[in-house]
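Using the UniProt record's numbering, read the sequence shown as starting at 1 and increasing by one per residue.
For reference, the structure is listed below as structure tokens.
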Amino acid sequence: MHVLGVIGRGTNRETLERAVDRLVDELSTRGRVGVVRYDATIADGTPTVDQSSPTVGGDVTYELGVDGDWLASGTGLSVRDALDALATDCDYAVVTGVAELQYPCVLVGSDGDRETATENEDEDEDGDEVTEVLARVPAVADLESDAVADTLERREPYETLESLVDRVKTSPHADRAGAIATFTGRVRAKDSDDDDRTEYLEFEKYEGVADERLAALREDLESREGVYAVEMHHRTGVVRDGEDIVFVVVLAGHRREAFRTVEDGIDRLKDEVPLFKKEVTVGDEFWVHDRE
Numbered sequence: 001m002h003v004l005g006v007i008g009r010g011t012n013r014e015t016l017e018r019a020v021d022r023l024v025d026e027l028s029t030r031g032r033v034g035v036v037r038y039d040a041t042i043a044d045g046t047p048t049v050d051q052s053s054p055t056v057g058g059d060v061t062y063e064l065g066v067d068g069d070w071l072a073s074g075t076g077l078s079v080r081d082a083l084d085a086l087a088t089d090c091d092y093a094v095v096t097g098v099a100e101l102q103y104p105c106v107l108v109g110s111d112g113d114r115e116t117a118t119e120n121e122d123e124d125e126d127g128d129e130v131t132e133v134l135a136r137v138p139a140v141a142d143l144e145s146d147a148v149a150d151t152l153e154r155r156e157p158y159e160t161l162e163s164l165v166d167r168v169k170t171s172p173h174a175d176r177a178g179a180i181a182t183f184t185g186r187v188r189a190k191d192s193d194d195d196d197r198t199e200y201l202e203f204e205k206y207e208g209v210a211d212e213r214l215a216a217l218r219e220d221l222e223s224r225e226g227v228y229a230v231e232m233h234h235r236t237g238v239v240r241d242g243e244d245i246v247f248v249v250v251l252a253g254h255r256r257e258a259f260r261t262v263e264d265g266i267d268r269l270k271d272e273v274p275l276f277k278k279e280v281t282v283g284d285e286f287w288v289h290d291r292e
């Protein structure tokens with residue numbers, strides 16, 4: 001699932017919703033769309049989202065599909081909870097009402113020249129960084145939703161263990177499979193009690209090489225006797241203490257080949273796929289390959 005944020009720059013909610021509608025209309029021609037609307041006023045009556053922790057103190061409204069076939073309002077879920085729920089059923093998710101997002105965004109407002117498909121970080125109207133701006137538009141009429149969608153599809157998807165498990169179950173050989181084995185790697189806060197606590201890891205991939213190596217590894221693992229489907233995903237960017245980093249999922253005829261392939265898969269991913277890791281602790285930060 002690809003996630004797109006829509007952020008206002010000095011604009012009202014009605015204008016922001018028109019931009020959301022245009023983007024949802026375009027994305028819905030390409031797949032199933034979920035919409036996550038965050039509104040801090042639902043819970044605490046404040047007019048704006050708490051910038052320091054945008055998913056605390058408010059509820060999330062989210063929809064599956066533009067046809068309104070399912071709706072949950074005031075659920076008490078965080079934005080991440082809602083995205084996790086959508087990831088198994090949707091191809092795209094549009095998030096609005098959150099000023100700080102770690103997903104590609106569209107900025108809508110009256111200031112700045114239109115610029116589509118940028119590669120750089122930007123700031124919202126309050127000076128907070130957003131990860132990547134796919135388009136900056138003064139008015140909704142300037143929004144080229146098809147160009148935004150094209151660029152979004154080239155960005156890293158949002159995956160969960162559940163979304164990958166659901167995907168392998170759709171294999172045409174699923175009726176021959178008696179096992180699904182998985183591995184989840186997460187950010188470890190400490191190796192020992194004396195260590196400084198790790199606040200987050202930041203991953204960068206060797207563009208044009210990492211994806212090719214990962215695809216080749218997946219294809220090699222799927223060629224094994226008794227292995228019917230393999231899904232692998234490694235997050236990039238900032239991954240915080242306790243969050244998941246990497247998933248390996250294997251659909252196989254029996255448990256032995258499933259377990260063996262999962263173990264080989266994560267070992268080979270770490271050895272063969274060029275990913276660079278920065279570790280940030282409470283007292284230091286460093287690229288791990290420099291220390292090694």
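Each residue gets a CB set at the ideal place from its N, CA and C atoms; glycine is no exception.
The structure presented is a predicted model; accordingly, all values stated were derived computationally and were not measured.
| Check | Outcome |
| --- | --- |
| Who are the Cβ neighbours of E257 in its own chain at under 7 Å, not counting the five residues just before and after it? | R224, G226 and V227 |
| Who does A278 pair with in a DSSP beta bridge? | This sequence places Lys at residue 278; Ala is not what is there. In the DSSP output, where bridge partners are listed per residue, K278 has E202 and W287. |
| Start and end of the alpha helix (DSSP H) containing L221? | A210 to E222 |
| For the beta strand (DSSP E) that contains V273, what are its first and last residues? | Premise fails: V273 is in no beta strand (DSSP E) and is neither H nor E. |
| In the DSSP assignment, find the alpha helix (DSSP H) that holds R151 and state where it starts and stops. | Per the sequence presented here, residue 151 reads as Thr, with Arg not at that position. Note, T151: alpha helix (DSSP H), S145 to L152. |
| Whose CA, out of R9, P157 and V33, lies closest to the CA of V94? | V33 |
| If you check the beta carbons only, do R213 and E272 fall under 8 Å apart? | yes |
| Which residue wins for smallest C-alpha separation from L161, given the options V98, E132, E243 and A210? | E243 |
| Using the C-alpha atoms, what's the distance from V108 back to E14? | 12 Å |
| Using 8 Å as the threshold, is the C-beta distance between L201 and E279 below it? | yes |
| Looking at the strands, I want to know which residues DSSP matches up with E251. | One point to set straight first is that residue 251 is Leu, not Glu, in the sequence displayed. Beta-bridge pairing links L251 to I180 and A229. |
| Going straight from the alpha carbon of E222 to that of V230, what length do you get? | 6 Å |
| CA-CA distance, E132 and R176? | 43 Å |
| Note down, in chain order, each residue of its chain lying with its Cβ closer than 8 Å to the Cβ of F286, except the 5 sequence neighbours on either side. | K278 and E279 |
| Could you give the distance in angstroms between the alpha-carbon of D220 and the alpha-carbon of T88? | 26 Å |
| Tell me which same chain residues have a C-beta within less than 6 Å of the C-beta of R18, skipping the five on either side of it? | V140 |
| In three-state DSSP terms, what is D175? | helix |
| Please list the terminal residues of the continuous alpha helix (DSSP H) segment that includes residue 299. | The requested residue 299 does not occur in the structure, where the chain is confined to residues 1 to 292. |
| If you follow the beta strand (DSSP E) that T96 is in, where does it begin and where does it stop? | Y92 to T96 |
| Could you work out which residue in A149, F247, D191 and E156 is closest to S163 when comparing CA atoms only? | F247 |
| Can you tell me which of E26, L101 and Y92 puts its alpha carbon nearest to the alpha carbon of I7? | L101 |
| Have a look at the DSSP bridge pairing and note the partners of P104. | E132 |
| Would you mind stating whether L4 and V106 have Cβ atoms separated by less than 8 Å? | yes |
| Just how far apart, CA to CA, sit L134 and R80? | 21 Å |
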